[in-house]
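Written below as structure tokens is the structure these notes are about.
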Amino acid sequence: MDLKVQLAPKNKTGLLLKNPVMTASGTFGYGTEYEHLFDIQSLGAIVCKGTTLEPRQGNPQPRIAETSGGILNSIGLQNIGVEALIEEKAPIWAKWNVPVVVNIAGNSVEDYAEIARKVEGVPGIQGLEVNISCPNVKAGCVEFGSDPSSAARVTEAVRKATSLPVWVKLTPNTADVVSIALAVAEAGADAIVLINTLKGMVIDIKTRRPVLGNVTGGLSGPVVKPVALRMVYEVAGVIKDVPLIGSGGIMTASDAIEFLLAGASAVQIGTANLINPRAPVEILEGIRLYLQEEGREDIKSMIGLARK
Ligand SMILES: Cc1cc2nc3c(=O)[nH]c(=O)nc-3n(C[C@H](O)[C@H](O)[C@H](O)COP(=O)(O)O)c2cc1C
130 MDLKVQLAPK NKTGLLLKNP VMTASGTFGY GTEYEHLFDI QSLGAIVCKG
180 TTLEPRQGNP QPRIAETSGG ILNSIGLQNI GVEALIEEKA PIWAKWNVPV
230 VVNIAGNSVE DYAEIARKVE GVPGIQGLEV NISCPNVKAG CVEFGSDPSS
280 AARVTEAVRK ATSLPVWVKL TPNTADVVSI ALAVAEAGAD AIVLINTLKG
330 MVIDIKTRRP VLGNVTGGLS GPVVKPVALR MVYEVAGVIK DVPLIGSGGI
380 MTASDAIEFL LAGASAVQIG TANLINPRAP VEILEGIRLY LQEEGREDIK
430 SMIGLARK
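First residue of the sequence shown? That's 130 in the numbering used here, and the numbers climb one at a time after it.
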């Protein structure tokens, strides 16, 4: 059975995954934290926590709140910074058999380009995921992702700064995701990730105060799946030459298969990891079983079938 998917077809080296299941940024640390739990190298790829130029402490606590059908998080891009990532994490990744993609975020277009320049040629880093969609920081990030021209500017700057495959991760907090997807495709994105979290909030009726220290946070989990799926379906209708990667509420193999049928070439597992760290391998197994039952030899034969 052929589960391989190419997630940077226009890039010189490409980014060929042995299967379409990967972890979503911010829900699987740097991968190293999970190595002892299962064979993480059986996954298609690992996407690490959002990385900035300087280390970040993140937002005030509390930073996670449960809601019906999902969670809100307002981590605020707490991370070790790109220098520590290069020194401490990349050498470990370089020994792995699974590609690691580094999720990057910045306050300015130049920040993104600078991080991309710093990781260029570092063994252990196979690609970049440009996060222009984090709703939990005061400056930058989602501001770039909410408008086609600034989304294109960030994409172009990173594209120029690196020879690595560049994925761009979009926000659902916009009225017109298709225009933004078209803009980043035009600007040189090798793949497009749909979607990051939806901005939301919860209020404690006893204290009469917002629950999250940051007031608002990003909504993820099963509740966002229909929105994410709809966005993949819509973007797949207009973009044929740039692979899409589905993210949002994928908890089971059946969720993942819906995204593939909608037109995603691969999927990211996020909130599910916080409940069951083995979720990505279980979902991979479920996809394999589905293909077997359907008598399909090649996963690519089912991508986008819901559109045909
Ligand atoms: C605790 C937490 C931290 C996250 N951190 C990041 C991040 O650093 N960068 C990013 O692009 N997305 C981040 N995300 C978004 C996820 O990668 C994913 O796109 C989103 O949660 C939707 O998928 P899910 O419903 O499967 O979780 C985070 C999500 C959660 C729940």
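Backbone N, C-alpha and C fix where the C-beta goes; we use that ideal spot for every residue, glycine too.
Measuring alpha carbon to alpha carbon, tell me which residue in the options is nearest residue i.
{"i": "valine 331", "options": "Ile200, Tyr419, Val352", "result": "Ile200"}
{"i": "isoleucine 233", "options": "Pro189, Ala286, Gly375, Arg192", "result": "Ala286"}
{"i": "methionine 130", "options": "Gly378, Ser197, Ile428", "result": "Ile428"}
{"i": "serine 349", "options": "Leu172, Pro409, Lys328", "result": "Lys328"}
{"i": "arginine 288", "options": "Ala310, Ala242, Thr326, Gly269", "result": "Ala242"}
{"i": "serine 383", "options": "Cys177, Glu239, Lys354, Gly235", "result": "Lys354"}
{"i": "valine 283", "options": "Ser308, Glu422, Arg417, Asn236", "result": "Asn236"}
{"i": "tyrosine 163", "options": "Arg417, Asn402, Ile204", "result": "Asn402"}
{"i": "alanine 318", "options": "Glu258, Glu216, Gln397", "result": "Glu258"}
{"i": "threonine 400", "options": "Leu146, Val266, Ala194, Lys133", "result": "Ala194"}
{"i": "leucine 214", "options": "Gly187, Thr161, Ser203, Glu411", "result": "Thr161"}
{"i": "glycine 346", "options": "Asn202, Gly187, Lys133", "result": "Asn202"}
{"i": "tryptophan 296", "options": "Val271, Val371, Val134, Arg337", "result": "Val371"}
Does ligand 1 have a heavy atom nearer than 7 Å to the CB of residue i?
{"i": "isoleucine 398", "result": "yes"}
{"i": "isoleucine 309", "result": "no"}
{"i": "threonine 156", "result": "yes"}
{"i": "glycine 179", "result": "yes"}
{"i": "serine 349", "result": "yes"}
{"i": "lysine 298", "result": "yes"}
{"i": "leucine 206", "result": "yes"}
{"i": "alanine 174", "result": "no"}
{"i": "isoleucine 379", "result": "yes"}
{"i": "alanine 245", "result": "no"}
{"i": "alanine 401", "result": "yes"}
{"i": "valine 353", "result": "yes"}
{"i": "valine 314", "result": "Reading the sequence as shown, one finds alanine at residue 314 and not valine. Alanine 314: no, Cβ never under 7 Å from ligand 1."}
{"i": "isoleucine 200", "result": "yes"}
{"i": "threonine 345", "result": "no"}
{"i": "serine 197", "result": "no"}
{"i": "alanine 391", "result": "no"}
{"i": "asparagine 325", "result": "yes"}
{"i": "serine 376", "result": "yes"}
{"i": "alanine 153", "result": "yes"}
{"i": "serine 262", "result": "yes"}
{"i": "asparagine 140", "result": "no"}
{"i": "asparagine 232", "result": "yes"}
Are residue i and residue j close, meaning C-beta to C-beta below 8 Å?
{"i": "serine 275", "j": "alanine 312", "result": "no"}
{"i": "alanine 320", "j": "leucine 136", "result": "yes"}
{"i": "isoleucine 244", "j": "leucine 144", "result": "no"}
{"i": "leucine 413", "j": "asparagine 148", "result": "yes"}
{"i": "leucine 323", "j": "valine 364", "result": "yes"}
{"i": "arginine 185", "j": "asparagine 208", "result": "yes"}
{"i": "valine 230", "j": "valine 176", "result": "yes"}
{"i": "leucine 434", "j": "leucine 373", "result": "no"}
{"i": "glycine 173", "j": "alanine 408", "result": "no"}
{"i": "glycine 366", "j": "arginine 436", "result": "yes"}
{"i": "isoleucine 416", "j": "alanine 385", "result": "yes"}
{"i": "threonine 152", "j": "glutamine 397", "result": "yes"}
{"i": "valine 211", "j": "lysine 247", "result": "yes"}
Which residues in the same chain have their Cβ closer than 6 Å to the Cβ of residue i, if we skip the five residues on either side of it in sequence?
{"i": "threonine 291", "result": "Ala245, Glu249"}
{"i": "glutamine 170", "result": "Trp225, Asn226, Val227"}
{"i": "valine 356", "result": "Pro301"}
{"i": "proline 406", "result": "Tyr163, Leu166"}
{"i": "lysine 218", "result": "Tyr159"}
{"i": "proline 294", "result": "Ala137, Asn140, Leu144, Gly256, Asp319"}
Please list, in chain order, all residues of the same chain as residue i whose beta carbon is under 7 Å from its beta carbon, the five residues on each side excluded.
{"i": "proline 351", "result": "Gly198, Gly199, Gly378, Met380"}
{"i": "lysine 178", "result": "Ser154, Gly155, Gly158, Tyr159, Asn208, Asn232"}
{"i": "proline 189", "result": "Gly342, Asn343"}
{"i": "valine 266", "result": "Gly205, Leu206"}
{"i": "lysine 141", "result": "Ser292"}
{"i": "arginine 425", "result": "Met431"}
{"i": "lysine 139", "result": "Asp319"}
{"i": "phenylalanine 273", "result": "Ile261, Ser279, Ala280, Val283"}
{"i": "serine 308", "result": "Pro277"}
Give me, in chain order, the residues of the same chain whose beta-carbon lies closer than 8 Å to that of residue i; leave out the 5 immediate sequence neighbours on both sides.
{"i": "isoleucine 368", "result": "Ala310, Leu311, Ala314, Ile321"}
{"i": "alanine 281", "result": "Ala312, Val313, Glu315, Ala316"}
{"i": "glutamate 239", "result": "Ala286"}
{"i": "glycine 269", "result": "Ala234, Gly235, Asn236, Ser237, Asp240"}
{"i": "glycine 392", "result": "Val361, Tyr362, Val364, Ala365, Gly366, Leu373, Ile432, Gly433, Ala435, Arg436"}
{"i": "aspartate 333", "result": "Pro339, Val340"}
Any beta-carbon of chain C closer than 8 Å to the one on residue i?
{"i": "alanine 281", "result": "Among the protein chains of the structure shown there is no chain C, as only one such chain exists."}
- Message: Measuring CB atoms only, is the stretch 219-237 touching the stretch 253-261, in the sense that at least three cross pairs come out at less than 8 Å?
- Response: yes
- Message: Assess contact between the stretch 259-266 and the stretch 296-311, defined as three or more Cβ pairs (one per stretch) separated by less than 8 Å. Is contact present?
- Response: yes
- Task: Report yes or no: do three or more beta-carbon pairs, one from the stretch 355-370 and one from the stretch 337-347, lie closer than 8 Å?
- Result: no
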